[in-house]
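S.K.: The following block contains the structure, expressed as structure tokens.
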Ligand SMILES: Nc1ncnc2c1ncn2[C@@H]1O[C@H](COP(=O)(O)OP(=O)(O)O)[C@@H](O)[C@H]1O
Ligand SMILES: [Mg+2]
């Protein structure tokens with residue numbers, strides 16, 4: 211569904227994404243992990259067609275993003291890390307507006323909107339302006355809006371941040387159900403337990419490059435003991451500071 215080939219993004223002299231090659235098969239929930247600044251958001255913005263690559267290509271369903279941007283955007287639901295909504299619109303108006311951006315309106319869209327609002331427990335607030343919503347409610351609305359035009363691919367950046375336990379559960383179940391029905395999800399997350407439980411495949415990136423890629427079983431098989439947790443694997447591959455350094459910090 212997604213094929214990244216030698217993808218590069220530079221900001222001035224800084225290389226944020228460094229010749230990244232990655233394949234996300236259709237019908238998988240794919241976890242995109244890496245420390246802060248690894249290049250996850252930059253990569254996802256290039257996949258969503260918001261940021262232009264410095265080099266390499268992004269193909270979605272065999273189509274290169276920068277050749278057919280509109281066709282690609284119709285296939286994707288992108289959920290950015292910072293939820294953006296128009297404060298003066300109500301929840302229902304916002305979803306209707308997003309659907310209209312994709313050229314969709316009418317009874318079927320209204321029904322879908324109602325289902326999504328109910329799912330995220332926003333039904334009672336559907337006619338309140340989003341300016342009065344909490345951060346978590348806005349986030350739920352933005353997640354709902356990514357599904358409103360029936361995309362084939364969801365690209366979602368750190369979705370768990372700011373969600374309450376019910377919202378997080380709804381999100382997990384929704385993504386799994388979406389994938390079961392043939393959809394594809396690329397999800398960046400810092401919640402390693404969530405990734406370990408939910409994702410079919412995982413890529414760990416560090417400094418703009420792939421450090422490891424595969425199913426949980428494949429990632430484990432590469433480690434010496436063969437039974438490392440995802441946290442162990444992540445910390446080993448991304449070169450985290452060893453715990454003894456903490457004493458030096460606290461003693462200083
Ligand atoms: N618009 C930008 N201009 C300059 N540097 C940027 C820009 N966007 C991201 N970066 C840099 O690129 C690196 C990767 O950032 P990002 O993709 O947001 O990482 P992640 O999402 O994995 O935390 C960071 O060092 C960040 O400072
Ligand atoms: Mg990010």
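Numbering (this note's numbering), first residue to last: 211 to 462. Don't be surprised by glycine CBs; every beta carbon is placed ideally from N, CA and C.
(1) Would the C-beta of residue 448 count as close to ligand 2, meaning under 7 Å from any of its heavy atoms?
(2) DSSP state of residue 224, grouped into three classes?
(3) Is residue 350 close to ligand 2? I mean its beta-carbon at under 7 Å from any heavy atom of the ligand.
(4) Check whether the Cβ of residue 269 sits closer than 7 Å to any heavy atom of ligand 2, and report yes or no.
(5) For residue 367, which residues does DSSP report across the bridge?
(6) Is residue 251 near ligand 2, with its Cβ less than 7 Å from a heavy atom?
(7) Would you kindly report the start and end of the unbroken beta strand (DSSP E) that includes residue 268?
(8) Quick one: is residue 361 buried, meaning 16 or more other Cβ sit within 10 Å of its Cβ, or exposed?
(9) Once you ignore the five residues that flank residue 228 on each side, which residues in its own chain have a CB closer than 8 Å to its CB?
(10) When you compare only the Cα positions, how much space is there between residue 264 and residue 220?
(11) At what residues does the alpha helix (DSSP H) containing residue 443 begin and finish?
(12) For the beta strand (DSSP E) holding residue 165, just list the boundary residues, first then last.
(13) Tell me the DSSP bridge mates of residue 423?
(14) Between the Cα of residue 213 and the Cα atoms of 343, 225, 363, which residue gives the shortest distance?
(15) Just the C-alpha distance for residue 226 and residue 247, rounded to the nearest angstrom, thanks.
(16) Note down the Cα distance separating residue 421 from residue 243, rounded to an integer number of angstroms.
(17) Are residue 356 and residue 312 touching if we call contact CB-CB under 8 Å?
M.R.: On the basis of the data shown:
(1) To locate residue 448, count along the chain shown from 1; it is residue 238. No, the beta carbon of residue 448 sits no closer than 7 Å to any heavy atom of ligand 2.
(2) Here residue 224 refers to the residue found at position 14 when the chain shown is read from its first residue. Residue 224: strand per DSSP, three-state reduction.
(3) The count along the chain shown starts at 1 and reaches residue 350 at position 140. If you check the C-beta of residue 350 against ligand 2, you find no heavy atom less than 7 Å away.
(4) One-based indexing of the chain shown puts residue 269 at position 59. No, the Cβ of residue 269 stays beyond 7 Å of every heavy atom of ligand 2.
(5) Position 157 of the chain shown, counted from the first residue, corresponds to residue 367. As a beta-bridge residue in DSSP terms, residue 367 pairs with 398.
(6) For the purposes of this step, residue 251 is taken as residue 41 along the chain shown, with counting starting at 1. Within the cutoff, so yes.
(7) For the purposes of this step, residue 268 is identified with residue 58 of the chain shown, where counting begins at 1. First-last of the beta strand (DSSP E) with residue 268: 265-270.
(8) Taking the chain shown and counting its residues from 1, one reaches residue 361 at position 151. Per the 10 Å Cβ criterion, buried.
(9) Here residue 228 refers to the residue found at position 18 when the chain shown is read from its first residue. Within the same chain, residue 228 has close Cβ partners 218, 249, 417, 418, 419.
(10) Position 54 of the chain shown, counted from the start, is the residue given in the question as residue 264. Position 10 of the chain shown, counted from the start, is the residue given in the question as residue 220. Approximately 6 Å between the Cα atoms of the pair.
(11) Here residue 443 refers to the residue found at position 233 when the chain shown is read from its first residue. Taken as a continuous stretch (DSSP letters only), the alpha helix (DSSP H) holding residue 443 covers 440-448.
(12) Residue numbering for the chain in the displayed model covers 211 to 462; residue 165 lies beyond these limits and cannot be assessed.
(13) Taking the chain shown and counting its residues from 1, the one referred to as residue 423 is at position 213. DSSP, once it has assigned bridges, lists 413 as partnering residue 423.
(14) Working through the chain shown from its first residue, we reach residue 213 at position 3. The candidate whose alpha carbon is nearest that of residue 213 is 363.
(15) By 1-based counting over the chain shown, the position of residue 226 is 16. By 1-based counting over the chain shown, the position of residue 247 is 37. Distance between the alpha carbons of residue 226 and residue 247 is about 8 Å.
(16) Your numbering for residue 421 matches position 211 in the chain shown. Your numbering for residue 243 matches position 33 in the chain shown. About 10 Å.
(17) Residue 356 sits at position 146 when you count from the first residue of the chain shown. Residue 312 sits at position 102 when you count from the first residue of the chain shown. No, the Cβ-Cβ distance between residue 356 and residue 312 is not below 8 Å.
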